[in-house]
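**Student:** So in the numbering used here the end of the sequence shown lands on 241, straight run, no missing numbers. Where is the CB? At the ideal position from N, CA and C, for every residue including glycine. No experiment lies behind these values; they were computed from the predicted model shown. Once you've had a glance at the structure underneath, I'll fire off some questions.
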Amino acid sequence: MPDRASHPLPGNAAQGGAHSHRKRAKDREGEGGQRAPRPAHKVHKLAPPRPFPTVPTSVSATGPRSAHSEGKNYICITRRTELGAYLRRCKDAILTDGHKTLHLSAMGAAIPHLMQLALSLPPILPFPQDEIHTEVLTGTVEVQDELVPDDDEEDVAYRTRGKSTLSVVIKIGDGVDEPVAPASKGRKNRLGRTAATPATPGGTKRVGKNARATEQLVYREDEMDNT
């Protein structure tokens with residue numbers, strides 16, 4: 015039986031192995047035959063500008079989010095939030111808050127997440143599909159990175175780069191928001207009826223919790239003469 019180790023490799027295989035070895039060596043070295051130096055700074059990505067404010071100017075920023083009635087139809091899409099949460103939020107903004115126009119925005123790696131949301135939202139809305147109009151806009155925004163040097167004597171530098179953005183506007187019908195009737199503030203019982211003030215026997219209403227019944231005074235004729 016012939017020894018397999020004694021046979022040389024084919025010419026193409028030997029050349030391919032040598033070429034890949036030289037390519038790896040070239041990647042490790044720079045153009046001048048030396049290893050590429052590591053960057054002498056750390057890169058901190060700064061927060062990009064938002065397409066619209068988090069809280070509208072007409073709403074208190076310190077109040078709870080559930081009390082906000084304006085600005086719920088402006089949503090920034092990120093990868094940290096699941097698709098189901100965005101679907102519920104958009105559906106509540108349309109059906110509960112009466113908004114007929116949604117403004118959705120994403121940038122960078124969150125763009126596929128926004129596209130999936132824009133395709134999944136119209137089928138779950140109780141409106142005819144021909145009344146739902148979707149407008150897609152692409153763009154680029156400038157973001158900054160902070161370059162922190164390893165040497166404390168050097169100054170911090172900044173660099174600017176471009177980042178892709180995507181805006182989706184979903185309109186239902188003419189896009190005009192419908193006003194929502196405010197909920198009544200009256201106290202209701204378990205049956206949903208307004209609680210009435212309890213009355214005392216005889217048709218007289220009870221004034222207070224610790225109110226006492228009024229005593230009736232009766233005078234006789236002899237007592238009235240003496241007085």
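If we call anything under 8 Å between Cβ atoms a contact, is A124 one with T148?
**Tutor:** It is not a contact, given that the beta carbons lie outside the stated cut-off.
**Student:** Return the CA-CA distance between Y172 and D165, expressed in angstroms with no decimal places.
**Tutor:** Their backbone Cα atoms lie some 16 Å apart in a straight line.
**Student:** Please give me, in chain order, every unbroken run of the beta strand (DSSP E) with length at least 3 that falls completely inside the stretch 160-191.
**Tutor:** Counting whole runs of 3 or more residues, the stretch 160-191 contains the beta strand (DSSP E) stretches 171-186.
**Student:** Helix, strand or coil, according to DSSP, for L118 in the structure here?
**Tutor:** DSSP places L118 in strand when its eight states are reduced to three.
**Student:** Out of T76, K105, L118, L97, point me to the one whose CA is closest to F66's CA.
**Tutor:** Cα-wise, what sits closest to F66 is L118.
**Student:** Using 8 Å for Cβ pairs, my map puts G153 next to T179. What's the rounded Cβ distance?
**Tutor:** Yes, G153 and T179 are in contact; Cβ-Cβ is about 5 Å, under 8 Å.
**Student:** At which residues does the beta strand (DSSP E) containing K56 begin and terminate?
**Tutor:** That run of the beta strand (DSSP E) goes 55-59.
**Student:** Report yes if the C-beta distance between H113 and D191 is below 8 Å; otherwise report no.
**Tutor:** Yes; because the gap between Cβ atoms is below 8 Å, this pair is in contact.
**Student:** Suppose you measure from the CA of L128 to the CA of I186; what does that come to, to the nearest Å?
**Tutor:** So the two alpha carbons sit approximately 18 Å from each other.
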